[in-house]
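Contents: one structure, followed by commentary.
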Amino acid sequence: MPDDCTAILEEGKTLFDNRRFDDAIDKFRQALRQNPASSGACYYLGRSFLEKHQEDAAAREFREAIRKNPADADSRYWLAGILFNKKSAADATALLYEAMRLEPGLLHHFLNQIARLLLQQCTFAETEDFLKNGIAILAASPASSTAGPDGTRSRACLHAVLGQLYFSKGLLNGAMLQYKEAVRISPKEASFHGKLADIYFITNNSEEAVSEYRAALTQDPANAEVHKKLGDALVRTRQFIDAFNEYREAVRLGPEHEHYRKVYSHFRTLFIDSAHPGTGEPAVQKPVVHSGGTISIADETFHELIRGGENEFVEFKSNALWSKTLSREEIASSDSKDLHKFGKDTSKVLIAKTIAGFLNTEGGNLVIGIRENKGDAPNEIVGIEGEYPKLRDPCADGYRRMLIDEIIRKFLPSEIFHHLSTYIRIHFMKIEDHTLCWLEIKKADDGVFLKIQDDESFFIRIDAETRQIADKALVDYCRKHFR
Numbered sequence: 001m002p003d004d005c006t007a008i009l010e011e012g013k014t015l016f017d018n019r020r021f022d023d024a025i026d027k028f029r030q031a032l033r034q035n036p037a038s039s040g041a042c043y044y045l046g047r048s049f050l051e052k053h054q055e056d057a058a059a060r061e062f063r064e065a066i067r068k069n070p071a072d073a074d075s076r077y078w079l080a081g082i083l084f085n086k087k088s089a090a091d092a093t094a095l096l097y098e099a100m101r102l103e104p105g106l107l108h109h110f111l112n113q114i115a116r117l118l119l120q121q122c123t124f125a126e127t128e129d130f131l132k133n134g135i136a137i138l139a140a141s142p143a144s145s146t147a148g149p150d151g152t153r154s155r156a157c158l159h160a161v162l163g164q165l166y167f168s169k170g171l172l173n174g175a176m177l178q179y180k181e182a183v184r185i186s187p188k189e190a191s192f193h194g195k196l197a198d199i200y201f202i203t204n205n206s207e208e209a210v211s212e213y214r215a216a217l218t219q220d221p222a223n224a225e226v227h228k229k230l231g232d233a234l235v236r237t238r239q240f241i242d243a244f245n246e247y248r249e250a251v252r253l254g255p256e257h258e259h260y261r262k263v264y265s266h267f268r269t270l271f272i273d274s275a276h277p278g279t280g281e282p283a284v285q286k287p288v289v290h291s292g293g294t295i296s297i298a299d300e301t302f303h304e305l306i307r308g309g310e311n312e313f314v315e316f317k318s319n320a321l322w323s324k325t326l327s328r329e330e331i332a333s334s335d336s337k338d339l340h341k342f343g344k345d346t347s348k349v350l351i352a353k354t355i356a357g358f359l360n361t362e363g364g365n366l367v368i369g370i371r372e373n374k375g376d377a378p379n380e381i382v383g384i385e386g387e388y389p390k391l392r393d394p395c396a397d398g399y400r401r402m403l404i405d406e407i408i409r410k411f412l413p414s415e416i417f418h419h420l421s422t423y424i425r426i427h428f429m430k431i432e433d434h435t436l437c438w439l440e441i442k443k444a445d446d447g448v449f450l451k452i453q454d455d456e457s458f459f460i461r462i463d464a465e466t467r468q469i470a471d472k473a474l475v476d477y478c479r480k481h482f483r
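1 is the number of the first residue of the sequence shown in the working numbering; add one for each residue after it.
See the structure below:
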């Protein structure tokens, strides 16, 4: 009696929505007695058992729903989650591929849970393959084109999750490309714009970050965190009045966040102290330096860089002058080819190579004062204070002069030195009672050749390394990269 079954099924759904799961189970079983072929009753039985944490019973009902209705994508999505929990990742992903082909518009409802379970049970490569295959399935599926906004959102979410996967591994170029595609497919999703803006900000593409944060706020104007991040990006682009307004809006929307209030208060002090009398316009940008107890505007970004470790946009060096005091005997007995070639200048040459690599790629961040430890051991913050005695002027300002005069001016083209503030910003940050030197490096407009001992060399960043390229590879790279 299908009509009786339908009425009973609706009663069961109402009980389910009111979280009366035991009563709902009774109704769904009653519906099955009326119509044993009802896949919907099996589906809702599965959902009810799942709410009661009875996964075996839920899996049995979802399988029965699929048997009765082979086009049931919803049951496949739920059953896949159970199989992941039972460590059957291969069976789960096979079900998900079937579900995506049948109902691509449902995917975005499950994708966050799916991504979390994939990362727990599968390798990076397996997770990447699943997401790429999912993107290909949705792009080719006829059902995707008829799924409307849900199908579009599912496609965009797959790109965003793949972007998050790359971001978690420090593959920022790959992450950027995926979030760009997510934004292209679903331009009204605020979170996609926000994530893309975060990557632009980390990679020193500050103007692009401003644009994407503003796009995010167009869709979600009450997001205090994005207002605060937009303020940070506006400081980078020296739009101080706009930055001040964004920090103020972040405090208004999130008054419970002490960090917002501290940043706003600190910036307000800088803004007022540096303003032209009667105009409110900042006279100069004050250096962003973290000192005892004060929250720097750049502090949060810097801590994110440190926590994230080395990648294609971040490089750590323990010091810049370690080779300066080596004796001839120590240099001669070393196995280092660089030491034999560059002698006491070796440590400075290595810093120059890193700077050139960032200039020739997409920009990046060089932090001096961190010793990278291999394996699982955390990186060690050693600071640069131990190098001060090797300077003419043993202080942070003397360190800055050394970087500019003895590395940037000496080894890099004059175009970089004469327009230093355009390409490189030097900050000194305090962490764990140590001073670190942070160089923010912007992508150069043209190729930058390093001149060392009358030889010119060209370096780029590949993953977390600085590598030299030459000959045809150099020509091809410059043709594609600098337009």
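Heads up, the beta-carbon is just placed ideally off N, CA and C, and yes, glycines get one too.
The model shown is predicted, which means the values in this text are computed figures rather than measured ones.
Residue range of the unbroken beta strand (DSSP E) whose run includes residue i
| i | result |
| --- | --- |
| Glu465 | 465 to 469 |
| Glu51 | First-last for Glu51: 39 to 51, but that is the alpha helix (DSSP H), not the beta strand (DSSP E). |
Closer than 7 angstroms: residue i CB and nearest the ligand MN heavy atom
| i | result |
| --- | --- |
| Gly194 | As presented, the structure is devoid of all ligands, the ligand MN included, so that no description of it is given. |
Proximity to residue i [Cα-Cα], best of the options
| i | options | result |
| --- | --- | --- |
| Tyr133 | Pro36, Tyr97, Ser421, Arg63 | Checking the sequence, you will find Asn at residue 133 rather than Tyr. Ranking the options by Cα distance to Asn133, first place goes to Tyr97. |
| Thr466 | Phe417, Leu359, Ile408 | Leu359 |
| Lys324 | Lys195, Glu312, Leu339, Lys317 | Leu339 |
| Gly386 | Asn379, Ala396, Ala377 | Ala396 |
| Pro512 | Ala332, Ser347, Leu321, Glu440 | Residue 512 lies beyond the residue range present for the chain, which begins at 1 and ends at 483; the question has no answer from this structure. |
| Glu329 | Lys86, Lys317, Lys344, Glu315 | Lys344 |
| Gly174 | Ala224, Arg184, His159, Ile25 | His159 |
| Asp454 | Leu95, Lys341, Thr218, Met429 | Lys341 |
| Asp464 | Tyr213, Arg214, Ile408, Leu171 | The sequence given here places Ala at residue 464; Asp does not occur at that position. Considering only alpha carbons, the answer is Leu171. |
| Ala71 | Gly40, Gly364, Ile408 | Gly40 |
| Leu138 | Arg307, Gly105, Arg33, Phe110 | Gly105 |
| Phe201 | Leu217, Gln219, Thr237, Leu391 | Thr237 |
| His419 | Ala7, Ala444, Thr435 | Ala444 |
| Lys430 | Glu208, Glu362, Ile368 | Ile368 |
| His108 | Gln121, Pro149, Leu83 | Pro149 |
| Ser414 | Tyr388, Gly383, Asp446 | Asp446 |
| Thr203 | Ala31, Glu310, Leu118, Pro221 | Glu310 |
| Asn496 | Thr127, Thr123, Arg101, Leu102 | Since the first and last residues shown for the chain are 1 and 483, residue 496 lies out of range. |
| Asp129 | Ala140, Ser141, Ala115 | Ala115 |
Reduced DSSP category for residue i - H, G, I as helix; E, B as strand; rest coil
| i | result |
| --- | --- |
| Asn124 | It should be noted that the sequence gives Phe, not Asn, for residue 124. Reduced to three states, the DSSP call for Phe124 is helix. |
| Ile384 | coil |
| Tyr399 | helix |
| Asp455 | strand |
| Arg214 | helix |
| Glu225 | helix |
| Phe244 | helix |
| Phe482 | coil |
| Lys430 | strand |
| Glu258 | helix |
| Val284 | With a pLDDT of 37 at Val284, under the threshold of 50, the modelled position of this residue cannot be trusted; read the value that follows with caution. Note: Val284 maps to coil in three-state DSSP. |
| Leu412 | coil |
| Thr435 | strand |
| Arg238 | coil |
| Tyr477 | helix |
| Arg392 | coil |
| Gly293 | With a pLDDT of 37 at Gly293, under the threshold of 50, the modelled position of this residue cannot be trusted; read the value that follows with caution. DSSP places Gly293 in coil when its eight states are reduced to three. |
| Ala275 | Confidence at Ala275 is low in this model, with a pLDDT of 48, below 50, so the placement of that residue should be treated as unreliable; the coordinate-derived value is given next. Correct three-state label for Ala275: strand. |
Run of the alpha helix (DSSP H) containing residue i, from where it starts to where it stops
| i | result |
| --- | --- |
| Phe201 | 190 to 202 |
| Ile452 | First-last for Ile452: 449 to 452, but that is the beta strand (DSSP E), not the alpha helix (DSSP H). |
| Thr422 | 420 to 423 |
| Leu32 | 21 to 34 |
Chain D contact for residue i (CB, 8 angstroms cutoff)
| i | result |
| --- | --- |
| Tyr213 | The structure shown contains no chain D, having only a single protein chain. |
Beta strand (DSSP E) runs wholly inside the segment 306 to 382, at least 3 long, in chain order: 314 to 317, 364 to 368
Using 8 angstroms as the cut-off, can you tell me whether the segment 349 to 365 makes contact with the segment 445 to 452, which would need three or more C-beta pairs spanning the two stretches below that distance? yes
Whether or not the segment 225 to 232 and the segment 241 to 257 are in contact is what I'm after, with contact meaning three or more pairs of Cβ atoms, one per stretch, closer than 8 angstroms; do they touch? yes
Does the segment 158 to 167 come close enough to the segment 189 to 200 to have 3 or more Cβ pairs within less than 8 angstroms? yes
Of all the alpha helix (DSSP H) runs that stay within the bounds of the segment 84 to 171, which reach a length of 4 or more residues? 89 to 102, 107 to 121, 124 to 140, 142 to 146, 148 to 168
Using 8 angstroms as the threshold, is the segment 55 to 64 in touch with the segment 74 to 82, meaning 3 or more CB pairs across them? yes
Quick check: the segment 427 to 446 against the segment 466 to 477, are there 3 or more CB pairs under 8 angstroms? no
Runs of alpha helix (DSSP H) wholly within the segment 54 to 87 (minimum 4 residues, chain order): 55 to 68, 73 to 85
For the pair the segment 151 to 158 and the segment 179 to 191, tell me if three or more CB-CB distances fall below 8 angstroms. yes
If contact is defined by three or more beta carbon pairs under 8 angstroms, each pair taking one atom from either stretch, is the segment 41 to 55 in contact with the segment 18 to 28? yes
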